[in-house]
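**Student:** Starting off with a structure, shown below.
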Amino acid sequence: MKKKLGVITIGQSPRDDILTEMRPYIGNNVEIIQLGALDGLTYEEILVLEHEEDNNILITKLRNGKTVNIAENLITSRIQECIYKLEEQEVDLILLMCTGVFPDMFISHKPILYPQKILHGVIPYLSGEGKIAIITPEKDQIEFYQKKWNETGGDIFVLHGSPYGDMEELDRVISALGKHENVDLIVLDCMGYTQDMKLKIFERTNIPVILAKTLIARLIGEMFSE
């Protein structure tokens with residue numbers, strides 16, 4: 002009997018662009034059910050949820066290809082609705098498919114996997130005496146994410162570069178990385194970054210790169226392995 006994985010995106014479902022690269026590590030014996038916190042909303046209604054000043058900013062890609070910055074506190078109730086719906090479909094595990102910081106407020110009878118908690122619990126221990134570079138999508142996220150990563154105790158600095166930008170955006174990130182010495186590890190801290198981006202950064206820097214979505218996918222695959 003197949004296991005069921007419930008996946009909640011902070012934007013609109015489906016996000017096959019992300020799950021296609023996760024599937025090989027999750028395994029084919031797992032049924033994936035996707036829901037989105039913004040499902041059922043028009044583009045105009047979504048814009049109302051755009052981030053407010055001094056708020057936890059989350060970036061997501063919509064079905065129309067556009068990206069929007071959403072205020073975390075304005076979608077928590079919609080995420081909870083997705084959790085209830087997935088429980089009705091008897092999923093075995095729920096993945097909140099976002100590396101953003103969320104409060105411990107969701108109600109669920111099934112385990113919820115928070116990528117941010119896993120990253121923050123593991124990444125600081127993967128580096129030696131050098132620094133860890135965190136790449137996050139938006140410039141407006143740097144201050145908030147620097148504060149949160151500092152709480153892990155690692156020698157960490159945060160740069161920005163959108164996973165939904167062009168090659169010039171990636172070149173800019175790589176150039177910015179070159180200004181820092183003794184970098185042991187690079188972390189692509191958004192589920193939207195791709196394996197191709199990971200490879201390009203590694204080839205240009207020769208520094209190990211952690212891709213959040215495949216790290217999480219490997220963990221899910223281990224949980225569901227028989």
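Throughout, the numbering used here is defined as the position within the sequence shown, counted from one, plus 1. Just so you know, even glycine gets a beta-carbon here, dropped at the ideal spot from N, CA and C.
As a quick exercise: from Leu-87, Thr-77 and Ala-72, pick the residue whose alpha carbon is nearest that of Met-106.
**Tutor:** In this structure, Thr-77 is the residue among Leu-87, Thr-77 and Ala-72 with its C-alpha nearest to the C-alpha of Met-106.
**Student:** Could you round the C-beta distance between Ile-211 and Ile-27 to whole angstroms and report it? I think they count as a contact, below 8 angstroms.
**Tutor:** Not a contact, Cβ separation roughly 18 angstroms.
**Student:** In angstroms, rounded to a whole number, what distance separates the CA positions of Lys-62 and Pro-104?
**Tutor:** 22 angstroms
**Student:** Tell me whether Phe-158 sits in a helix, a strand or coil according to DSSP, three-state version.
**Tutor:** Strand at Phe-158.
**Student:** Sort Thr-215, Met-192 and Leu-171 by Cα distance to Glu-204 and report the nearest one.
**Tutor:** It is Leu-171 whose Cα lies nearest to the Cα of Glu-204.
**Student:** So what's Gly-122 in DSSP terms, helix, strand or just coil?
**Tutor:** helix
**Student:** Below 8 angstroms, can you find three or more Cβ-Cβ pairs linking the segment 150-163 to the segment 127-136?
**Tutor:** yes
**Student:** Near Asp-40, which residues of its chain fall below 7 angstroms by C-beta distance, leaving aside the five closest residues on each side in sequence?
**Tutor:** Gln-13 and Ser-14
**Student:** Comparing C-alpha positions only, which one of Ile-60, Lys-132, Gln-35 and Tyr-194 sits nearest to Lys-180?
**Tutor:** Comparing C-alpha distances from Lys-180 to each of Ile-60, Lys-132, Gln-35 and Tyr-194 shows the shortest one belongs to Lys-132.
**Student:** Going by C-alpha to C-alpha distance, which of Leu-87, Thr-195 and Met-168 sits closest to Ile-9?
**Tutor:** Leu-87
**Student:** How big is the Cα-Cα spacing for Asn-65 and Arg-16?
**Tutor:** 12 angstroms
**Student:** Taking only the alpha-carbon atoms, compute the straight-line gap between Arg-173 and Ile-108 and give it to the nearest angstrom.
**Tutor:** 41 angstroms
**Student:** Leaving out the 5 sequence neighbours to the left and right, which residues in its chain are closer than 7 angstroms to Val-184 when beta-carbon positions are compared?
**Tutor:** Gly-131, Lys-132, Ala-134, Leu-178 and Ile-208
**Student:** From the DSSP output, in three-state form, read off Ala-134 for me.
**Tutor:** Ala-134 falls in the strand class under three-state DSSP.
**Student:** Ala-72 by DSSP, collapsed to three states: which one?
**Tutor:** strand
**Student:** Hey, how far is the Cα of Pro-112 from the Cα of Ile-202?
**Tutor:** 34 angstroms
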